[in-house]
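Here's the structure we're looking at; comments come further down.
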Amino acid sequence: MSTLIGVDWGTSSLRAARLDAAGEVLEERSLPRGILTVPAGGFPAVFDEACGDWMREPGALALLCGMAGSRQGWVEAPYAGCPAGFADVAAQLTWIEPGRIALVPGLTCHEHGVPDVMRGEETQVFGALELLGLQSALLVLPGTHSKWVRVIDGGIDRFATFMTGECYGLLRQHSILARMMPAGDGELDAAAFVQGVHHARRSGTLLHAAFSARTLALFERLAPAAVPSYLSGLVIGEELRVQDLRGTLSVAVIGAQALTCRYELALATLGVTVTRVGSQATWRGLRAIASTLQGTS
């Protein structure tokens, strides 16, 4: 199989890896060259800076996922529709250089007539399925815009986006609640976090529940240092409140430990266990897409 170069090109950074036939990383690089730092017409030069020496290997193939395929990226890669599996995504790659450099399409689905989209997360989901040996699963990818993804028979059937991280940042920095909290978040206060999760589920709406971060501190029932953890519990609890988790025993959570451990705590309050998958999901997903493209499983 040809040398595979995987690139996860986001808004603020670029990660690249040279992968073996099993999707394991042989070499990895990271550059602070997210798409917003690249001037018009500058994508080929940044790509060459990151991966040029790897691309000179015979038969090298580069697959790029993430925001490189967005309207602000190298070339806009049209979204593939759900449901979508490995083969569907591989069939809709956008080729920058035929046979050498391609963009993985993002996915779109519709609920109540409104479109939802993802770019990059689909690759992580496919990688997680490979790593966990699953064909059907419920997965969550925490972050600024969290994604809940339902996979059926190896394909992404549907997903939904929640602006959880962004709402936390806005409330944490730009609302009256900021005056009740220290400058930094500090270590996670697990008890305060779980308290926030429970209150979010009881209150029925974050618009009401969020004010409790102020009043609990005002009446000295919550220490100022614990308020960021409590607020984090509130916004993640709101995210969980609207999920249909009936009959769900386990959820796969993809991402960095700092966030995935919070979802593990929150889901435990519902009796749901968590399987955590880290950054290797991206590389395994790109290898899986490449294998489908090349006619191997």
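Position 273, counted from 1, in the sequence shown is what the numbering used here calls 278; the numbers after and before it change by one each time, with no gaps.
The beta carbon of each residue, even a glycine, is placed where N, CA and C say it ideally should be.
**Message:** Can you give me the C-alpha to C-alpha distance between residue 302 and residue 192, rounded to a whole angstrom?
**Reply:** Its pLDDT being 36, under 50, residue 302 is placed unreliably by the model, and the measurement read from it follows with that caveat. Rounded to the nearest angstrom, the two C-alpha atoms are 43 Å apart.
**Request:** Mark residue 35 as exposed unless 16 or more other C-beta atoms lie within 10 angstroms of its C-beta, in which case mark it buried.
**Result:** With fewer than 16 Cβ atoms within 10 Å of its Cβ, residue 35 is classed as exposed.
**Prompt:** Would you call residue 233 buried or exposed, if buried means 16 or more other Cβ atoms sit within 10 Å of its Cβ?
**Reply:** So residue 233 ends up on the buried side.
**Message:** If I follow the unbroken beta strand (DSSP E) through residue 266, where does it start and stop?
**Reply:** Counting along the chain, residue 266 falls outside any beta strand (DSSP E), though it belongs to the alpha helix (DSSP H) covering 262-273.
**Prompt:** In its own chain, which residues sit with a C-beta less than 6 Å from the C-beta of residue 289, not counting the 5 before and 5 after it?
**Reply:** Excluding its 5 nearest sequence neighbours in each direction, residue 289 has C-beta neighbours in its own chain below 6 Å: 28, 132, 135, 136, listed in chain order.
**Asked** Hey, residue 3 and residue 12: beta-carbon distance below 8 Å or not?
**Response** Given a span of 6 to 302 for the chain in the structure shown, any question on residue 3 remains unanswerable.
**Prompt:** From residue 229 to residue 57, what distance separates their C-alpha atoms?
**Reply:** If I take the Cα positions, the gap works out to 50 Å.
**Asked** Can you check whether the CB of residue 257 is closer than 8 Å to the CB of residue 280?
**Response** Yes; because the gap between Cβ atoms is below 8 Å, this pair is in contact.
**Asked** Which word fits residue 252, buried or exposed, when buried means at least 16 other C-beta atoms lie within 10 angstroms of its C-beta?
**Response** Sixteen is the threshold: since fewer than 16 other Cβ atoms of the shown chains lie within 10 Å of the Cβ of residue 252, the residue is exposed.
**Item:** Option in 16, 49, 129 with minimal Cα separation from residue 293
**Value:** Measuring from the Cα of residue 293, the nearest candidate turns out to be 129.
**Request:** Use the C-beta contact count for residue 181: other C-beta atoms within 10 angstroms, 16 or more gives buried, fewer gives exposed.
**Result:** Label assigned to residue 181: exposed.
**Request:** Have a look at the DSSP bridge pairing and note the partners of residue 123.
**Result:** Beta-bridge pairing links residue 123 to 112.
**Option nearest residue 109 by Cα separation, candidates 96, 117, 115** = Closest by alpha carbon: 96.
**Asked** Is the stretch 254-273 close to the stretch 135-151, with three or more CB pairs under 8 Å?
**Response** Touching, yes.
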